[in-house]
Structures are given as structure tokens and as C-alpha cells.
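Peer 1: Counting the sequence shown from 1 gives a position; this note's numbering is that position plus 943. Glycine residues also receive a C-beta, built at the ideal position from the N, C-alpha and C atoms.
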Amino acid sequence: MMSLVLAIVLPWLLGVVWLRKGGVSQWSLLLAYGYLLGILFTTLLLRALDSLGLTLSFPLCALLLSVLIFFGIQQTRTLWQWNGSGSLAAWRHQPFWHHLLFGLVLVGIAVKFYGFAVEIGARPLYPWDAWTTWGVRPQVWFEFKQLVPFVDAASWLATDHSLTTAYLLEAWHYPPAVSLIQLWMSLGYGQWHESMANLPWLLCGVALGLGFYGQARLWTGKPLLSLVFTYLLLSIPLLNAHVALAGYADLWMATIYSLAAIALLQWLRTRDRAQGLLALLLGLTCALVKVEGVVWLLTLLPVASAALTPRRYRFGLLLLLVVLLMLWFWNGGFSATLPGLGTIYLQPERIEIPYLGRFDVAYSPNWEPFLDNFFVLGSWHLFWYVLILLVVVAMPKIATDRLLLIFSAVVSSGLAMLFFLFLMTEAREWAAKYTSINRLFLHITPLLMFYGLILFQALRAQSPNTNPLSEPQSA
């Protein structure tokens, strides 16, 4: 049991220590981003040890993590120093009913996560992708104590199994990080146990809640408002299902991408170096989680690039992009061969990316799955109703406030990618069958909830001259 505790604590502490050295000081952000980056670094460590031909041993990995933690502590003199005067001052000026309601909401969140923990502890692998993809690999890797390869059917049939070991898996090309997280927990527990392997889904939900609350607190300076929006996020039924029915990679994708995007929004507003570091590190890890993580990362690059471009060059950059887009369309797109990956085709009628798949582009106005899933069925509660209402009411402010317009562009890029996928490509079948449409929109849901918070905060401005985006609020 002690080794299981270490399997949880060591990656978490590693992330906290090194983020503290990087300038992150708010406790909830340290815990949230620290856990995510720490556990993802641990998966990279497992891959590095395997590439060196070493047996995947928990004591060896734990020792290496401990060394890195010790070295980080030695480099971080202010690790245990915390300046909480701003937070305490914000609390002192809150009325008693704020404190009471804050406590009640916090208890509600704790009860919710207790239910998640009971569900994870009592239920074996349940979701279909967990059976067929994510949970298959760690079981095999745990038995062999090495990352034996998984291949497609053709490669498996051509393999001489007397000389090498290879296992058949339809989704053999999926990134291994989620499976390696399950492997790490199993190594810590000492045996393959599905509930213990799925425990990180509970911790991922905790990290999402802490990260969202911490960013909301920095944005608004209001503890109760921040916690209420955190509760609203954690109450979305589909999100709850992905925590309780642990095994899918979509919860990790939603948490990592959205917290990276939220950190980017904070950086765009304040140019805070720590927020830029969080956005960069977590954004780069998107590709470790799912194949489409690369695409999610690309949705953040245009706005980030524009922000880093000096203002006098921005119009020229936009003009250049428009000209390149026109030339691309005029020439029928382009293709490029990448060594070790294959050929990429980006054409008006076809998009083909190695490992991601081929999509024939043609508009199909099938809006019924969106209407049913978002506004009729029970996966989202009233989330889409409220978000659309906030956008409509805040439209005048969005049109006149530069920062709000930029933030809307960040959110719109992710939504545009999803609607393009489901309306313009063969992925429309995923929507028509009500399979992936909700899971893929879940990836951007925490960011959309934070965007709703931004709009709500903007609408609460006391006068036309009061803009809550103009200056960072006291935390």
C-alpha cells in the first residue's frame, strides 16, 4: 500500500516542485498543473527506461523521481513560502453568507467526488474503449515489465512469433500516455487491479476542479463565484460519467487541453510568465494523450502567434495568411512527405494525416445530432442553453472589447474545428450515430465554461468604464 501512495505522491510532488521553481505560486494551480505534468513526465520516464532496455521496476522509477524532486527542492528556495495576504484579505471582506454558501458548495463537490471514488473502487473496466484500447496495453506491459509492441493485423500476421513478441490491437497507433498512467499505478500497487489502475481518473477530476477554481479565482478575485462555476463544471453529467466510468482518454484530453487554453487566456491578459509557462508545457503534452491532441494544440497557435507578433506587423501577417490560403485553394492544396510518418494531404476535397486518418471534405447539413445531444438529451443539463444566452447578451461587449474579441477567437477556433469535422468530413457518421460527438465536444467544455465565466464577469461590470478584463484581479 505504501508503494501505491508513492505512485500517487511522487509524480505529483515532482510537478509541484518544478512548477514552483518556474514561478507558479498559487496553491490550487500548483496542485492541479503539478499533478498533470508530473504524471505525464512519469510516462515519459517509463518510455525512456524501456528504450534503454531496462526492466520497468517501480523502485527504480520511484528512485529516479525522488532524485529529481530532491534536486528541484535544492534549486527552489521559496518552495514552502506562501504569501496568502491577498487571499486572506479577499476573504475578510466577504459577508458571512458567502462563507456559509462557499462551505456548502465545497461539501457538495466533496460528496460528488466521494461518489466517484466509490464507483471507481467497485466497478471493473467498463467503457468500450477501455476494454479494446487503453486498458489492454498496460495489462500486457505489466506482465512483461516492458513495453512490448502492439501492431495492426497485417503486421501481426507477418510476425515470426517464435523470434519476437507482438500483440494485435486495432488502435495500435494511439499515443501510449494514458495506458502508461495505468501501468504506473499497477507497478505501484504490485499487481494488475483495475480499480487501482483507474484511480488516476479520480485524481484527474480533482486536478480539473482545482485548476479551474484557481484560474477562476485569479480572474475574478471572488472565491464564491469561482467555486460556483467550478461546481457547475463538475456537475455536467457527461463529465461525471467520464470520471466515474474511468477508462477513456477523453477526460485527460479535456483537462489538459482546456487548462492549457485557460492559462493562455490568462497570459494574453496579463503576460504573466508563470501562466505562459503553464500554457506552453501543458499545451505541448496534448499530443501525448490522443491522436487529435496535435489538432487541439494547433487551435491555440494562431492566437498565440498573433499575440507574440509586434503590433505593426500583425496586419501584414494576416494579409500573408489570406494570400497563402488563396494560393492553397487555387493550386488544389498540397501534399508533403514527412520522414517516419508518411504523406500529409491538405486539399480542398481531402484531408489525410498519418495516424489520424483520411477525411473527404464535403458539406452535409445534418444538424439534428447537435440539437438532440446538446438541447434535448441529458448529457449536458442546461450548459449549452446558458452558454449561448451569455454569448448573445454579451455580444455588444464582445464587439467593442479587444481582449474579449481575442478570447472569443480562441474559443471559436476549437468549436470551428469540431463543427468542420462533423459537418464537412466523413466523421459526420460519428455524429449521426451519436457516438463521438459528445466525447469530442467534452474536450473543450472546461474552456467553454471558463469563457462563460469571463462573459458573466464582463456583464457584471458596474459601469461602461468598468472593465473586469482591464487589470488582473487580486487573488
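#1: Apart from the five residues on each side of it in sequence, which residues of its chain come closer than 6 Å, Cβ to Cβ, to Gln969?
#2: Cβ-heavy atom distance between Thr1108 and the ligand NAP below 7 Å?
#3: Go ahead and label Gln1209 buried or exposed: buried means 16 or more other beta carbons lie within 10 angstroms of its beta carbon, across all protein chains shown.
#4: Is Val1094 helix, strand or coil when you go by DSSP?
#5: On the criterion of 16 or more Cβ atoms from any shown chain inside 10 Å, does Ser1169 qualify as buried, or is it exposed?
#6: Quick one, which of Ser946, Ala1159, Leu962 and Asp993 has its alpha-carbon nearest Gly1395's?
#7: Can you tell me the Cα-Cα spacing of Arg1214 and Leu1111, whole angstroms?
#8: Go through the stretch 1307 to 1341 residue by residue and report every complete run of the alpha helix (DSSP H) that reaches 4 residues or more, in order.
#9: Across the stretch 949 to 961 and the stretch 1003 to 1017, are there enough close Cβ pairs to call them in contact, namely three or more that are closer than 8 Å?
#10: Taking just the CA atoms, how far does Val1186 sit from Leu1123?
#11: Examine the Cβ distances between the stretch 1365 to 1385 and the stretch 1304 to 1316 and report whether three or more of them are shorter than 8 Å.
#12: Reducing DSSP to helix, strand and coil, say where Tyr978 ends up.
#13: Indicate whether Phe1001 and Leu957 have their beta-carbon atoms separated by less than 8 Å.
#14: Taking all protein chains shown into account, decide if Thr1198 is buried (16 or more other Cβ within 10 angstroms of its Cβ) or exposed.
#15: Please name the residue in Glu1086, Leu1068, Val1232 and Leu1126 whose C-alpha comes closest to that of Ile951.
#16: Compare the C-beta of Asp1303 against all C-beta atoms of chain C and say whether one is closer than 8 Å.
#17: Can you tell me which residues form a DSSP beta bridge with Tyr1110?
#18: From the DSSP output, which residues share a beta bridge with Ile1179?
#19: Taking the Cβ atom as the reference point for each residue, do Asp1193 and Arg1066 lie within a distance shorter than 8 Å?
#20: Out of Leu995, Thr1173, Leu992 and Cys1004, point me to the one whose CA is closest to Pro954's CA.
#21: May I ask you to verify whether the stretch 1136 to 1146 touches the stretch 1340 to 1359, counting CB pairs closer than 8 Å and requiring at least 3?
#22: Under DSSP, the alpha helix (DSSP H) around Pro1245 begins and ends at which residues?
#23: Apart from the five residues just before and just after Gln1218, which ones in its own chain have a Cβ nearer than 7 Å to its Cβ?
#24: Determine whether the beta carbon atoms of Met1392 and Phe1056 lie at a separation below 8 Å.
#25: Quick one: using the 10 Å Cβ neighbour count with 16 as the cut-off for buried, is Trp1040 buried or exposed?
#26: Within the continuous alpha helix (DSSP H) that includes Tyr1200, where are the two ends?
#27: Since Pro1070 contacts Tyr1191 with CB under 8 Å, what's their CB separation in whole angstroms?
#28: Report all residues from its chain with a CB closer than 6 Å to the CB of Ala1230; omit the five preceding and five following residues, and keep chain order.
#29: Could you name the residues of the same chain whose beta carbon sits closer than 6 Å to that of Met1367, not counting the 5 residues immediately before and after it, in chain order?
#30: Considering only residues of the same chain and omitting the five flanking positions on each side of Ser971, which have a CB-CB separation below 8 Å?
#31: Between the C-alpha atoms of Val1353 and Ala1096, what's the straight-line distance to the nearest angstrom?
#32: On the three-state DSSP scale, how would you describe Ile1287?
#33: To the nearest angstrom, report how far apart Ser1129 and Leu987 are at their CA atoms.
#34: Which residues in the same chain have their Cβ closer than 6 Å to the Cβ of Ser1351, if we skip the five residues on either side of it in sequence?
#35: Give every residue of the same chain whose Cβ lies closer than 8 Å to the Cβ of Pro1447, excluding the five residues on either side of it in the sequence, and list them in chain order.
#36: From Glu1113, Ala1101, Leu1043 and Phe1085, pick the residue whose C-alpha is nearest to that of Trp1074; which is it?
Peer 2: This is what the structure gives:
#1: Gly1157
#2: In terms of ligand content, the structure shown is empty, and the ligand NAP therefore cannot be addressed.
#3: buried
#4: strand
#5: buried
#6: Ala1159
#7: 48 Å
#8: 1311 to 1314
#9: yes
#10: 18 Å
#11: yes
#12: helix
#13: no
#14: buried
#15: Leu1126
#16: Within the model displayed, chain C is absent; a lone protein chain is all it includes.
#17: Phe1093
#18: DSSP output for Ile1179 lists no bridge partner at all.
#19: no
#20: Cys1004
#21: no
#22: Gly1236 to Leu1251
#23: Ala1206, Gln1209 and Trp1210
#24: no
#25: exposed
#26: Asp1193 to Thr1213
#27: 5 Å
#28: Gly1236 and Val1237
#29: Val1304 and Tyr1306
#30: Leu1153, Gly1154, Tyr1156, Gly1157 and Arg1160
#31: 40 Å
#32: strand
#33: 16 Å
#34: Ile1341
#35: Any question about residue 1447 goes unanswered here, given that the chain covers just 944 to 1418.
#36: Glu1113
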